[in-house]
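Trainee: Protein chains in written order, with the working numbering: chain A, 246 to 487; chain B, 4 to 222; chain C, 215 to 454. Quick reminder that beta carbons are idealized off the backbone N, C-alpha and C, glycines included. Every value quoted in this text rests on a predicted model; they were computed, and no experiment measured them.
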């Protein structure tokens with residue numbers, strides 16, 4: 246469903262992505278990890294065209310993302326995305342955050358959008374918060390609303406860009422629980438995260454990045470059964486041993 | 004039209020225009036110096052913690068900031084000779100007007116600069132045992148100064164432009180000199196275009212310079 | 215200091231009428247200029263935040279030119295020089311037939327000048343919202359125009375209320391520069407009363423009080439507006 250072929254990207258002289266190739270099939274959950282600055286956030290943002298890339302090709306559901314003729318808004322409406330800092334719209338209530346793109350992009354009727362919104366809020370366990378504004382919610386609640394907002398578009402794949410790294414520790418699980426449920430329902434997911442417990446539990450494959458390159462791309466079992474390379478080993482020992 | 008654009012009139016009156024520009028610059032520099040001194044005092048009064056001083060300072064600032072500069076110029080052009088009991092010429096009147104007017108703006112810039120230093124920095128200084136003055140001297144003011152400098156320089160450019168308002172009382176600055184030439188030689192087009200270009204080049208270079216400084220010293 | 219106080223002067227005709235007409239012109243010039251400054255400034259400010267290099271360039275050049283020439287010089291350029299640069303007919307029309315030439319010129323000039331300042335406020339207001347919100351909007355399939363319309367501008371203009379209020383007050387004060395091309399606004403009237411009656415104190419005090427009065431009213435009004443549109447739970451939008 247998502248296919249990256251030899252993707253490279255530069256900021257001026259600095260190369261952020263170096264010849265990255267990988268694939269995410271339908272129904273697959275792939276975790277992308279690696280040290281900060283390794284290019285993983287940039288990579289995931291290339292998938293829905295939020296970041297441009299200079300070389301290579303990315304295909305989503307058979308459509309080329311890098312092609313200038315591609316209708317990016319239409320393509321993006323099929324890919325849900327969740328951000329590190331939630332990025333809920335501060336001036337809109339929870340309900341309206343979730344409804345905005347349904348009304349403006351999918352052109353759903355008000356009733357339809359309302360119905361969908363309530364359904365999703367129940368799914369993420371926030372039905373009672375629907376009239377609040379983002380700033381009145383905790384971080385974990387905001388991130389769950391953000392997930393609902395992405396799901397409202399009925400996406401065929403979801404991208405998560407470090408969804409729990411801005412959260413206080415006690416709120417991480419409520420967000421991960423929603424994501425686990427989603428994975429169980431068969432959603433195609435590409436997740437940038439350091440939550441190795443989550444990776445072990447639901448990911449089918451792990452991609453390890455360092456200095457803009459994909460260093461490891463293997464099944465979860467292989468990754469955790471110590472068949473990983475030196476860099477991945479060093480990274481894992483840093484985040485696991487405390 | 005431009006095919007009749009007469010550059011000679013500019014060259015012939017160059018010394019006259021330069022003299023005007025000198026007065027403009029003199030006025031700018033004098034107003035900056037006076038304004039900074041008075042503005043600093045006002046800012047210190049504002050942050051002193053004594054409510055009377057702080058009230059006087061904020062009233063002063065609000066008063067001058069709600070008035071147009073032209074009205075302030077008129078006020079002092081009228082007041083100064085009246086108070087001194089003798090005519091003193093426009094220059095001193097407008098200089099006083101500019102110093103008092105600018106002080107209100109400088110006060111706000113300095114105050115905002117000092118307040119932009121995070122409270123945590125003050126606590127950190129206190130925590131290692133610095134007294135009030137040491138804390139100000141070594142922790143707060145150096146950081147405040149970095150925040151203030153670009154704004155102070157920008158304000159200087161604004162002031163440089165604002166001095167052209169002395170036109171309303173006929174003090175012979177750059178604009179008034181050019182205006183005199185324009186009317187005497189009937190060369191309005193040439194003179195005003197020149198004035199605009201000179202101001203544009205000077206102010207633009209100034210603001211580009213400020214931006215460079217800002218980047219160089221990460222102000 | 216010798217001075218004969220006569221506060222009655224400001225209530226005598228024709229001086230009272232001058233003051234009333236002066237404040238009328240001050241407000242008319244300010245509002246007309248503000249409408250132009252706000253609309254044009256918004257467009258230019260928005261252009262400066264877009265990805266299009268050419269439109270960004272044009273907007274930057276506009277801002278740099280208009281804010282680096284003193285307002286009074288711009289007044290003279292529009293009033294004396296601009297009609298000369300037009301083709302004959304148009305130049306004649308501006309000089310002879312344009313309704314209320316001083317007022318129109320002053321309002322347009324002040325509007326164009328302030329647009330450059332408004333543009334800067336709009337730009338920094340939008341930029342303070344950050345790339346994240348932009349990405350979030352785009353990621354759900356909104357187009358760039360929709361992202362501006364539904365996300366960046368509604369949040370941005372809320373952040374901009376205080377700086378834009380102060381820009382309006384600046385326009386209000388700067389409207390006094392219109393007197394240099396003959397608009398008899400309140401400062402000009404005060405000066406005129408002083409010259410006719412030598413009661414400078416009374417005349418200038420009247421003008422000063424009126425300026426302070428209008429400034430205070432506008433500030434109170436905008437604080438109410440700010441409270442009305444504030445976003446629940448947010449202490450300061452600008453801080454984020």
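Could you tell me if residue 307 (chain C) is buried or exposed, where buried requires 16 or more neighbouring beta carbons within 10 angstroms of its beta carbon?
Mentor: Flag for residue 307 (chain C) reads exposed.
Trainee: For residue 372 (chain C), return the contacting residues in chain A, with the cut-off set at a CB-CB distance below 8 Å.
Mentor: Within 8 Å Cβ-Cβ: 336.
Trainee: For residue 260 (chain A), which of A:277, A:273, A:298 and A:278 has the nearest alpha-carbon?
Mentor: When each option's Cα is compared against that of residue 260 (chain A), the closest is A:298.
Trainee: Helix, strand or coil, according to DSSP, for residue 122 (chain B) in the structure here?
Mentor: Of the three classes helix, strand and coil, the one that applies to residue 122 (chain B) here is helix, per DSSP.
Trainee: Would you say residue 203 (chain B) reaches chain C, if we count a Cβ-Cβ gap shorter than 8 Å as a contact?
Mentor: Residue 203 (chain B) counts as touching chain C.
Trainee: Is residue 398 (chain A) close to chain C? Criterion is C-beta to C-beta, closer than 8 Å.
Mentor: So, interface residue.
Trainee: Using only alpha-carbon positions, find the residue among B:79, B:103 and B:102 that is nearest to residue 92 (chain B).
Mentor: The shortest C-alpha separation from residue 92 (chain B) is found at B:79.
Trainee: Please list, in chain order, all residues of the same chain as residue 100 (chain B) whose beta carbon is under 6 Å from its beta carbon, the five residues on each side excluded.
Mentor: Correct list, in chain order: 75, 76 and 79.
Trainee: Does the Cβ-Cβ distance between residue 362 (chain A) and residue 408 (chain A) come in under 8 Å?
Mentor: Against a cut-off of 8 Å, the Cβ pair of residue 408 (chain A) and residue 362 (chain A) comes out as no contact.
Trainee: How about residue 271 (chain C): is its C-beta nearer than 8 Å to some C-beta of chain B?
Mentor: It does not: the Cβ of residue 271 (chain C) has no partner Cβ on chain B nearer than 8 Å.
Trainee: With H, G and I counted as helix, E and B as strand and the rest as coil, what does DSSP make of residue 259 (chain C)?
Mentor: It is helical.
Trainee: Would you say residue 441 (chain C) lies against chain A (beta-carbon separation less than 8 Å)?
Mentor: Answer no: the Cβ-Cβ gap between residue 441 (chain C) and chain A never drops below 8 Å.
Trainee: Around the Cβ of residue 373 (chain C), are there at least 16 other Cβ atoms within 10 angstroms (buried) or fewer (exposed)?
Mentor: Its Cβ being crowded by 16 or more others within 10 Å, residue 373 (chain C) is buried.
Trainee: Please list, in chain order, all residues of the same chain as residue 287 (chain A) whose beta carbon is under 7 Å from its beta carbon, the five residues on each side excluded.
Mentor: Only 254, 261, 262 and 296 meet the Cβ criterion.
Trainee: What first and last residue would you give for the alpha helix (DSSP H) that runs through residue 468 (chain A)?
Mentor: Segment 465-469, the alpha helix (DSSP H) holding residue 468 (chain A).
Trainee: Would you list the one or two residues that DSSP bridges to residue 265 (chain A)?
Mentor: In the DSSP output, where bridge partners are listed per residue, residue 265 (chain A) has A:252.
Trainee: Chain C partners of residue 495 (chain A), CB-CB under 8 Å?
Mentor: It is not possible to answer for residue 495 (chain A), since the shown part of chain A is limited to 246 through 487.
Trainee: Thinking C-alpha only, which one of A:393, A:336, A:322 and A:411 is nearest residue 360 (chain A)?
Mentor: Taking only the C-alpha atoms, the option nearest residue 360 (chain A) is A:393.
Trainee: Mark residue 405 (chain C) as exposed unless 16 or more other C-beta atoms lie within 10 angstroms of its C-beta, in which case mark it buried.
Mentor: Buried, because 16 or more other Cβ atoms sit within 10 Å of the Cβ of residue 405 (chain C).
Trainee: Taking residue 423 (chain A) as the reference, give the member of A:468, A:334, A:269 and A:386 with the closest Cα.
Mentor: The shortest Cα separation from residue 423 (chain A) among A:468, A:334, A:269 and A:386 belongs to A:386.
Trainee: Check this for me: beta carbons of residue 245 (chain C) and residue 328 (chain C), under 8 Å apart or not?
Mentor: In this structure, residue 328 (chain C) does not lie closer than 8 Å to residue 245 (chain C) by Cβ.
Trainee: Which residues, taken in chain order from the segment 304-325 of chain C, show a beta carbon closer than 7 Å to some beta carbon of chain B?
Mentor: Residues passing the 7 Å Cβ filter: none.
Trainee: So the beta strand (DSSP E) residue 300 (chain A) belongs to, where does it begin and stop?
Mentor: 300-305 is the span of the beta strand (DSSP E), which, as asked, contains residue 300 (chain A).
Trainee: Using a Cβ-based criterion (distance less than 7 Å to any ligand heavy atom), does residue 385 (chain C) qualify as near the ligand ZN?
Mentor: As far as ligands go, the structure on display features none, and thus does not contain the ligand ZN.
Trainee: Between which two residues does the alpha helix (DSSP H) harbouring residue 162 (chain B) extend?
Mentor: Run containing residue 162 (chain B): 144-165, per the alpha helix (DSSP H) assignment.
Trainee: Identify the residues that DSSP records as bridge partners of residue 453 (chain A): which are they?
Mentor: Answer is A:278 and A:461, bridged to residue 453 (chain A).
Trainee: Our contact map puts residue 336 (chain C) next to residue 260 (chain C) with C-beta atoms below 8 Å; I'd like the distance itself, whole angstroms only.
Mentor: That belief holds up - the Cβ atoms of residue 336 (chain C) and residue 260 (chain C) are roughly 6 Å apart, short of 8 Å.
Trainee: Could you check where the alpha helix (DSSP H) with residue 422 (chain A) kicks off and where it finishes?
Mentor: Per DSSP, residue 422 (chain A) belongs to the alpha helix (DSSP H) from 414-429.
Trainee: What residue range does the beta strand (DSSP E) around residue 325 (chain A) cover?
Mentor: Residue 325 (chain A) -> beta strand (DSSP E) spans 324-327.
Trainee: Curious, which full-length alpha helix (DSSP H) runs of at least 4 residues does the segment 361-439 of chain C contain?
Mentor: Those alpha helix (DSSP H) runs which fall completely within the segment 361-439 of chain C and span 4+ residues are 367-388 and 400-411.
Trainee: Given that a residue counts as buried once 16 or more other Cβ atoms are within 10 Å of its Cβ, and exposed if not, what is residue 170 (chain B)?
Mentor: That one is buried.
Trainee: Taking C-beta pairs closer than 7 Å, name the residues in chain C that residue 298 (chain A) reaches, listed in chain order.
Mentor: Here the premise fails: no neighbours, minimum Cβ distance about 16 Å.
Trainee: What is the DSSP secondary structure of residue 342 (chain C), reduced to helix, strand or coil?
Mentor: It is coil, neither helix nor strand.
Trainee: Say whether chain C places a C-beta atom closer than 8 Å to the C-beta of residue 328 (chain A).
Mentor: True, the Cβ-Cβ gap to chain C drops below 8 Å.
Trainee: What is the DSSP secondary structure of residue 402 (chain A), counted as helix, strand or coil?
Mentor: If DSSP states are grouped into helix, strand and coil, residue 402 (chain A) belongs with the strands.
Trainee: Relative to chain B, which residues along the segment 270-301 of chain C have a C-beta separation below 9 Å, given in chain order?
Mentor: Flagged, chain order: 278, 279, 281, 282, 283, 284, 285, 286, 287, 288, 290, 291, 294, 295, 298 and 299.
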